[in-house]
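Numbering-wise, my numbering comes out as the position in the sequence shown, counting from 1, plus 33. Even for Gly, the Cβ is constructed at its ideal location relative to N, Cα and C. Taking it in order: structure first as structure tokens, then the write-up.
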Amino acid sequence: MKTAGGNPGPYRPLKAGLLVLCGLGLLHVSLFTDLCLRYVKEGMRPLLIASGAVLLLLGVASAVLDRGEGAGEHHHDRAEGTGEHHHGHSGVPRVSWLLLLPALSLLLYAPPALGAYTAARQPAKAVVHDSAFDPLPRTSPLPMTLSDFTSRVRQDRGQAVKGRTVRMTGFVTPGHGGSWDLTRIILNCCAADAQSVKVRIHGGPALPADTWVTVTGTWHPGGTLGTGSAAVALDARTVTKVPRPANGYQDALPLG
């Protein structure tokens, strides 16, 4: 690339700027907001913060070095008595520009969290086999996670959930025939390995997809309770809208 007066070329400041932009985007979603929890589990946040800091420092260091190198080359050119040199500086690799849009997206518009659209297009997460179940507390309504309710319905030979009023929290995934699924999406690492846990809800109002709710009700009879034929379903008594939890990618107990 031909440059005048020892100028390091138009692309080199852009390379430094791209690194800084990516670093700021990562720090924005992981350090200054909770937006990163839309894409990764909580335990990954420190790694995102560290990555953002490294990219930011690399960008600043690159800009400083380029500025110093440009000043040195300018001094050399004056000593040689010429203002033109052919340098071997390479431009920004084309693939690097693919980072520009994601970086701007993290700063200006963060994609929404995974929700009903994703859950409706994947099967429910397989139930982990549990050979022994502890007695359930006498609390009524009994707070439960969707995973615990599912395993109790299909594996608890003691049928401890029979007749019990339980309370669970999740978001609405529309179904058919007047029913819908109370859903949680669980991440092992990031959004790419997301799995959904669903409980079919019978009764209650027809709410928009992705509405977070707390549902109380009793097991909806279907199949034989305590076996794989049992319906993972609830007859709703109350359905209450609630705010989305700060980390919606955990199958947590309902609050309150």
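The DSSP-derived three-state label of His235 is strand.
Spanning the alpha carbons of Leu54 and Ile82 requires a straight line of approximately 14 Å. Using a C-beta cut-off of 8 Å, the stretch 191-202 makes no contact with the stretch 51-67, since fewer than three inter-stretch Cβ pairs fall below that distance. Listed in chain order, the non-local C-beta contacts of Thr257 below 7 Å within the same chain comprise Ala263, local neighbours out to five positions each way being set aside.
For Pro207, the uninterrupted beta strand (DSSP E) run begins and ends at Val199 to Pro207, by DSSP.
Looking at the DSSP output, Pro176 sits in a beta bridge with Arg200. Here Leu267 really is in contact with Val232; their C-beta atoms are around 6 Å apart, less than 8 Å. Ala152 carries a helical assignment under DSSP once its states are collapsed to helix, strand and coil.
Residue pairing of Ala269 in beta bridges, as defined by DSSP: Gly250. By the C-beta density criterion, Thr206 is buried, having at least 16 other C-beta atoms within 10 angstroms. Rounded to whole angstroms, Ile218 and Pro238 show a C-alpha spacing of 22 Å.
C-alpha of Pro79 to C-alpha of Ala94: approximately 22 Å in a straight line. Bounds of the alpha helix (DSSP H) holding Leu139 are Leu133 to Leu141.
Note that the C-beta distance between Gly58 and Leu169 is not below 8 Å.
For Val87, the three-state secondary structure derived from DSSP is helix. For Val97, the three-state secondary structure derived from DSSP is helix. Each residue's CA atom was taken as its position, placing Thr273 and Lys48 some 51 Å apart. The alpha carbon of Val248 has as its nearest neighbour, out of Tyr282, Trp213 and Arg190, the alpha carbon of Trp213. Separation of Leu179 and Leu68 (C-alpha to C-alpha, rounded to the nearest whole angstrom) is 24 Å. Beyond the five residues adjoining it in sequence on each side, Met177 comes within less than 6 Å, by CB distance, of Val199 and Met201 in the same chain, given in chain order. When secondary structure is reduced to three states using DSSP, Thr244 falls in the coil class, being assigned neither helix nor strand. It is roughly 16 Å from the alpha-carbon of Leu137 to the alpha-carbon of Gly92. Boundaries of the beta strand (DSSP E) around Thr216: Trp213 to Ile219. Distance from the CA of Ser184 to the CA of Leu64, rounded to the nearest whole angstrom, comes to 36 Å.
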